[in-house]
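Asks: Pasting in a structure now, in structure tokens, and then I'll have a few things to ask.
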Amino acid sequence: MIGLGNYGYTAPAATKINAYDVPEGVDIRGRYDEEFAKILTKDALQFVADLQREFRNHINYAMGCRKEAKRRYNEGALPGFDSATRYIREGQWTCAPVPPAVADRRVEITGPVERKMIINALNSGAKVFMADFEDALSPSWENLMRGQINLKDAVDGTITFHDRARNRVYKLNDQIAKLFVRPRGWHLPEAHILIDGEPATGCLVDFGLYFYHSYNSFRKTQGEGFGPFFYLPKMEHSREAKIWNCVFERAEKMAGIEKGSIRATVLIETLPAVFQMDEILYELRDHSVGLNCGRWDYIFSYVKTFQGHPDRLLPDRVQVGMTQHFMKSYSDLLIRTCHRRGVHAMGGMAAQIPIRDDPAANEAAFDLVRKDKLREVKAGHDGTWAAHPGLIQACMEVFTNNMGNAPNQIQIVKREDAANLTEEDLLQRPRGVRTMEGLRLNTRVGIQYLAAWLTGAGSVPLYNLMEDAATAEISRVQNWQWLKYGVELDGDGLGVRVNADLFGRVVEEEMARIKREVGNEKFRKGMYKEAGKIFTRQCTAPSLDDFLTLDAYNHIVVHHPKGLSKL
Numbered sequence: 001m002i003g004l005g006n007y008g009y010t011a012p013a014a015t016k017i018n019a020y021d022v023p024e025g026v027d028i029r030g031r032y033d034e035e036f037a038k039i040l041t042k043d044a045l046q047f048v049a050d051l052q053r054e055f056r057n058h059i060n061y062a063m064g065c066r067k068e069a070k071r072r073y074n075e076g077a078l079p080g081f082d083s084a085t086r087y088i089r090e091g092q093w094t095c096a097p098v099p100p101a102v103a104d105r106r107v108e109i110t111g112p113v114e115r116k117m118i119i120n121a122l123n124s125g126a127k128v129f130m131a132d133f134e135d136a137l138s139p140s141w142e143n144l145m146r147g148q149i150n151l152k153d154a155v156d157g158t159i160t161f162h163d164r165a166r167n168r169v170y171k172l173n174d175q176i177a178k179l180f181v182r183p184r185g186w187h188l189p190e191a192h193i194l195i196d197g198e199p200a201t202g203c204l205v206d207f208g209l210y211f212y213h214s215y216n217s218f219r220k221t222q223g224e225g226f227g228p229f230f231y232l233p234k235m236e237h238s239r240e241a242k243i244w245n246c247v248f249e250r251a252e253k254m255a256g257i258e259k260g261s262i263r264a265t266v267l268i269e270t271l272p273a274v275f276q277m278d279e280i281l282y283e284l285r286d287h288s289v290g291l292n293c294g295r296w297d298y299i300f301s302y303v304k305t306f307q308g309h310p311d312r313l314l315p316d317r318v319q320v321g322m323t324q325h326f327m328k329s330y331s332d333l334l335i336r337t338c339h340r341r342g343v344h345a346m347g348g349m350a351a352q353i354p355i356r357d358d359p360a361a362n363e364a365a366f367d368l369v370r371k372d373k374l375r376e377v378k379a380g381h382d383g384t385w386a387a388h389p390g391l392i393q394a395c396m397e398v399f400t401n402n403m404g405n406a407p408n409q410i411q412i413v414k415r416e417d418a419a420n421l422t423e424e425d426l427l428q429r430p431r432g433v434r435t436m437e438g439l440r441l442n443t444r445v446g447i448q449y450l451a452a453w454l455t456g457a458g459s460v461p462l463y464n465l466m467e468d469a470a471t472a473e474i475s476r477v478q479n480w481q482w483l484k485y486g487v488e489l490d491g492d493g494l495g496v497r498v499n500a501d502l503f504g505r506v507v508e509e510e511m512a513r514i515k516r517e518v519g520n521e522k523f524r525k526g527m528y529k530e531a532g533k534i535f536t537r538q539c540t541a542p543s544l545d546d547f548l549t550l551d552a553y554n555h556i557v558v559h560h561p562k563g564l565s566k567l
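Counting in the UniProt record's numbering, the sequence shown runs from 1 upward without gaps.
Now the structure itself:
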């Protein structure tokens, strides 16, 4: 194996040469594997290449618009509603009717596209499982390709997993959750697949390979004539939703299925997107099944959007919950928008995981989950997210006790009171204080998450919460913002200001704590030192990188020389 950019490797003479059968203009730089070759067929790759060629200019334009918006925000502008699309916000239109197969989504579980996870999640009792190629997955070649194999087997109903350590075989129950798949965001490349000499767009690879191999079986077994179903992340503007809508129409045409078969829920997890919710639904109106409150990424986006605004510093991240006015306003407006347009308004993630060795702490955690879900269902949400199968029953009870036999609240809770929410409501400065423990927790969580990500895990249990890339992003951007503006840690009563020397000491002390917590052997085998260096560099950089994972991605890309087999 060789790293990115090092093309000097020559295969030993005795090495057997295997290569993927690729269409013209496509080059696979990931490791050859006979199982992967069943996914990376010539026809499937041709479909991905067709998508890339048709939409790459639109994607590049949309990414350029993101950069222009960032420049405006950094110069002092604020995001807001677009006067040019007022006619869409004020118009009397609705999305296509919700397919019967996904009318009831009261509890959804999420997790990476790992084999055992897929089986457990589909068997969990949740109504929906969102299988993730994005924030819960480290996008190594192995993880991505095995994820595609796992999803194909899941849709075909043949997926099994033999846990040799426990001597247990996992397989699907008769009753399983409905499968949604979340591809990566528009901004992430797939460096192991080159199309016309350039890295493919990650989400088109994720979507294209999965759709090509699974649409036929899915519509028979899962979708009741509809599908496949998707979650779409990280969008900032309706022009990005319009590209997805065109991708869906192109896929439906290729497959010879009815327009509107594919359905997707968009995560509203960037601050600019909250002002585009009607417009996003409008662009996807033939393919939409709602919006979701991606609240951890939303907090990350608030900091990122206002990175040039020293008057909008966040308090400790543990204080930025859904009761903060700007967060409550976002949730309320999302519910009103979705129900007005006839689609689901999905609540946010319960990140807690069962605490098996401490019954009192476990009950306190479950109590927090129940209160959060009660707030969501009473506000009008149609369903919610959980990160662990152990939370499904508790979440289900709260929603069922309040919704009864109704599959959702789309026609029941209209939230017309939210029509009066203003830009000021959605941007109100969060209240709270900043503390040394907040700085330490950010650092500890960020480094440990990144270390796990670099070694192949994208969903990581830390301090009784299931962390994914979103929480690591909050840690990173908050540290960066506090360092940039030398903020006072005003919650400790000590008047300490954050600077490079203080942060350097915190990193050193937290690395020592991590080593004590995980043990010498795990620390030595893990990539904690590399993670510490990357995280420190990101937090102290003169300008804020858009995404932690874009920088870290270069550390997990492994190119094989063209045509080279298993090494």
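A virtual CB, placed ideally from N, CA and C, is assigned to each residue, including glycine.
Only a predicted model underlies this, so the values are computations on that prediction, with no experimental measurement involved.
#1: Go ahead and label L550 buried or exposed: buried means 16 or more other beta carbons lie within 10 angstroms of its beta carbon, across all protein chains shown.
#2: Classify H162 as helix, strand or coil using the three-state DSSP reduction.
#3: Mind checking whether E108 and G383 have CB atoms under 8 Å apart?
#4: Which of the three DSSP states, helix, strand or coil, is assigned to A14?
#5: Does the pairing of the segment 468 to 481 with the segment 512 to 521 give three or more beta-carbon distances under 8 Å?
#6: Go through its chain and collect everything with a Cβ distance to N362's Cβ below 8 Å, but skip five positions before and after it.
#7: Where do the ends of the alpha helix (DSSP H) carrying M349 lie?
#8: For V128, which residues does DSSP report across the bridge?
#9: In three-state DSSP terms, what is W296?
#10: Leaving aside the five residues before and after T270 along the sequence, list all residues of the same chain whose C-beta is less than 6 Å from its C-beta, in chain order.
#11: Enumerate in chain order the residues of its own chain whose CB-to-CB distance from R513 is below 7 Å, with the five nearest sequence positions on each side excluded.
#12: Counting pairs of Cβ atoms below 8 Å between the segment 158 to 172 and the segment 219 to 239, do you hit three or more?
#13: Return the chain-ordered ranges of every beta strand (DSSP E) run that is complete within the UniProt domain "Malate synthase C-terminal" (434 to 556) and spans a minimum of 3 residues.
#14: If you draw a straight line from the alpha carbon of F211 to that of R86, how long is it in whole angstroms?
#15: At the level of alpha carbons, what is the spacing between C246 and T265?
#16: For A251 and G227, what's the separation of their Cα atoms in angstroms?
#17: Can you tell me where the beta strand (DSSP E) with E190 in it begins and where it stops?
#18: According to DSSP, simplified to helix, strand and coil, what is A96?
#19: Of all the options V413, E258 and V274, which has the alpha carbon lying nearest to the alpha carbon of S238?
#20: Reducing DSSP to helix, strand and coil, say where L421 ends up.
#21: Rounded to the nearest angstrom, what separates L426 and P79 at their Cα positions?
#22: Classify K152 as buried or exposed, calling it buried when 16 or more other Cβ atoms lie within 10 Å of its own Cβ.
#23: Taking a contact to mean a Cβ-Cβ separation below 8 Å, would you say E279 touches I88 in this structure?
#24: Straight-line CA distance for I257 to R219?
#25: Going by the DSSP bridge assignment, what does F230 pair with across the sheet?
#26: With distance defined between alpha-carbon atoms, name the residue in G458, M346, N479 and C338 nearest to E114.
#27: Return the residue from the list G202, D297 and E416 that minimises the CA-CA distance to I59.
#28: Under 8 Å: do the segment 321 to 335 and the segment 446 to 463 share three or more Cβ pairs, one atom per stretch?
#29: State the CB to CB distance for the pair D358 and M436, rounded to an integer number of angstroms; the pair is presumed to be in contact (CB under 8 Å).
#30: Out of G290, G446 and N402, state which residue places its alpha-carbon closest to the alpha-carbon of V98.
#31: Given a cut-off of 8 Å, decide if R295 and M322 are closer than it, judged by their beta-carbon atoms.
#32: On the CB-based measure, 16 or more other CB atoms within 10 Å of its CB, does L439 come out buried or exposed?
#33: To the nearest whole angstrom, what separates the beta carbons of G125 and I392, a pair I think is in contact under 8 Å?
#34: Near G76, which residues of its chain fall below 8 Å by C-beta distance, leaving aside the five closest residues on each side in sequence?
#35: Under the rule that 16 or more other beta-carbon atoms within 10 Å means buried, what is N6, buried or exposed?
#36: Find out if the Cβ-Cβ distance for the pair A350, A379 is shorter than 8 Å.
Replies: Taking the definition as stated:
#1: exposed
#2: strand
#3: yes
#4: A caution first: A14 carries a pLDDT of 39, below 50, which makes its placement in the model unreliable, though a value can still be read off. A14: coil per DSSP, three-state reduction.
#5: no
#6: If we look at N362 and ignore the five residues flanking it on each side, its Cβ neighbours are P354, I355 and R356.
#7: Taken as a continuous stretch (DSSP letters only), M349 belongs to no alpha helix (DSSP H), being part of the beta strand (DSSP E) at A345 to A350.
#8: In the DSSP assignment, V128 is bridged to E108 and K178.
#9: helix
#10: E236 and S301
#11: R444
#12: no
#13: 460 to 462 and 465 to 467
#14: 35 Å
#15: 15 Å
#16: 11 Å
#17: P189 to I195
#18: In the structure shown, A96 sits in coil (DSSP, three-state: anything other than H, G, I, E or B).
#19: V274
#20: coil
#21: 10 Å
#22: buried
#23: Yes.
#24: 10 Å
#25: V181 and A264
#26: E114 has its Cα closest to that of G458, out of G458, M346, N479 and C338.
#27: Per the Cα distances, G202.
#28: no
#29: The pair is not a contact, with the Cβ atoms about 26 Å apart (cut-off 8 Å).
#30: Distances from the CA of V98 to each of G290, G446 and N402 were compared; the closest alpha carbon is that of G290.
#31: yes
#32: buried
#33: About 5 Å separates the CB atoms of G125 and I392; that is less than 8 Å, so the two are in contact.
#34: G308 and H309
#35: Because N6 sits at a pLDDT of 34, beneath the cut-off of 50, its placement in the model cannot be relied upon, and the point is left open.
#36: No; because the gap between Cβ atoms is not below 8 Å, this pair is not in contact.
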